[in-house]
Amino acid sequence: ASVMALALLTGCSDSSSKAKQVEECFRSLMKTRQNVDYQKDETLDKKLEAIAQQFQPDWLAGGGDRLTEDARNIIINELGDYLETGRVWLWYGEVKPGQSALAQAESMKYSQGIEIYPLASGIPILKAIAFTMTDKKSDGHRYYLALETNATVKTPQT
Numbered sequence: 021a022s023v024m025a026l027a028l029l030t031g032c033s034d035s036s037s038k039a040k041q042v043e044e045c046f047r048s049l050m051k052t053r054q055n056v057d058y059q060k061d062e063t064l065d066k067k068l069e070a071i072a073q074q075f076q077p078d079w080l081a082g083g084g085d086r087l088t089e090d091a092r093n094i095i096i097n098e099l100g101d102y103l104e105t106g107r108v109w110l111w112y113g114e115v116k117p118g119q120s121a122l123a124q125a126e127s128m129k130y131s132q133g134i135e136i137y138p139l140a141s142g143i144p145i146l147k148a149i150a151f152t153m154t155d156k157k158s159d160g161h162r163y164y165l166a167l168e169t170n171a172t173v174k175t176p177q178t
């Protein structure tokens, strides 16, 4: 009964795919922890897919809380034409099929924030989360990746 209550409280549902369940739990946990209703952003989703293709387990340096210089550069390059100022955080967690979606979401860790450029004031800020699962990587594992943004978006030049 307590598990069911927790599932209801955290907004985790019994949706179609495990990855989708983990995403819902992660979003719900983030909303509760940060008291922010993170948006879903299609462009950010596409950017994270491109990052996920390139993701390697050895990106995680210094006990996993810092990204390697290569990783930071790949993320900045992928986001450079979309985000103008602010920070992003890459969250990651190894896919463990035996774990519940909630346990998987709770076990995700984040890297030190990557500053694109100091956050500009007076313009709308994109507080969004993109979420995906990688293919199998060199270590034989798959990973859940989430990208959290507190940034401004470049306005299309007309």
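Just so we're aligned: 172 in this note's numbering is position 152 of the sequence shown, and the numbers increase by one with no gaps anywhere.
Backbone N, C-alpha and C fix where the C-beta goes; we use that ideal spot for every residue, glycine too.
Values in this document were obtained by computation on a predicted structure and should not be read as measured data.
Continuous beta strand (DSSP E) stretch holding F151: start and end: As a working note, residue 151 is residue 131 in the sequence shown. Unbroken beta strand (DSSP E) run through F151: L146 to M153.
According to DSSP, residues forming a beta bridge with A72: Sequence index remark: in the sequence shown, residue 72 carries index 52 (1-based). DSSP, once it has assigned bridges, lists no residue as partnering A72.
K67 beta carbon less than 8 Å from that of K58: Residue numbering aside, residue 58 sits at position 38 when the sequence shown is read from its first letter. Residue numbering aside, residue 67 sits at position 47 when the sequence shown is read from its first letter. Residue 58 is actually Tyr in this sequence, not Lys. It is not a contact, given that the beta carbons lie outside the stated cut-off.
According to DSSP, residues forming a beta bridge with V173: On the sequence shown, residue 173 is found 153 positions in, with the first residue counted as 1. DSSP, once it has assigned bridges, lists L103 as partnering V173.
Minimum C-alpha distance to Q41 - residue among V115, N170 and I136: Along the sequence shown, read from residue 1 onward, the residue named residue 41 stands at position 21. Nearest of V115, N170 and I136 to Q41, Cα basis: V115.
Status (buried if at least 16 other CB within 10 Å, exposed otherwise) for E98: As a first step, residue 98 is located in the sequence shown; it is residue number 78 there, counting from the start. Result: buried.
Delimiting residues of the alpha helix (DSSP H) encompassing T52: Here residue 52 refers to the residue found at position 32 of the sequence shown. Its alpha helix (DSSP H) spans residues K38 to Q54.
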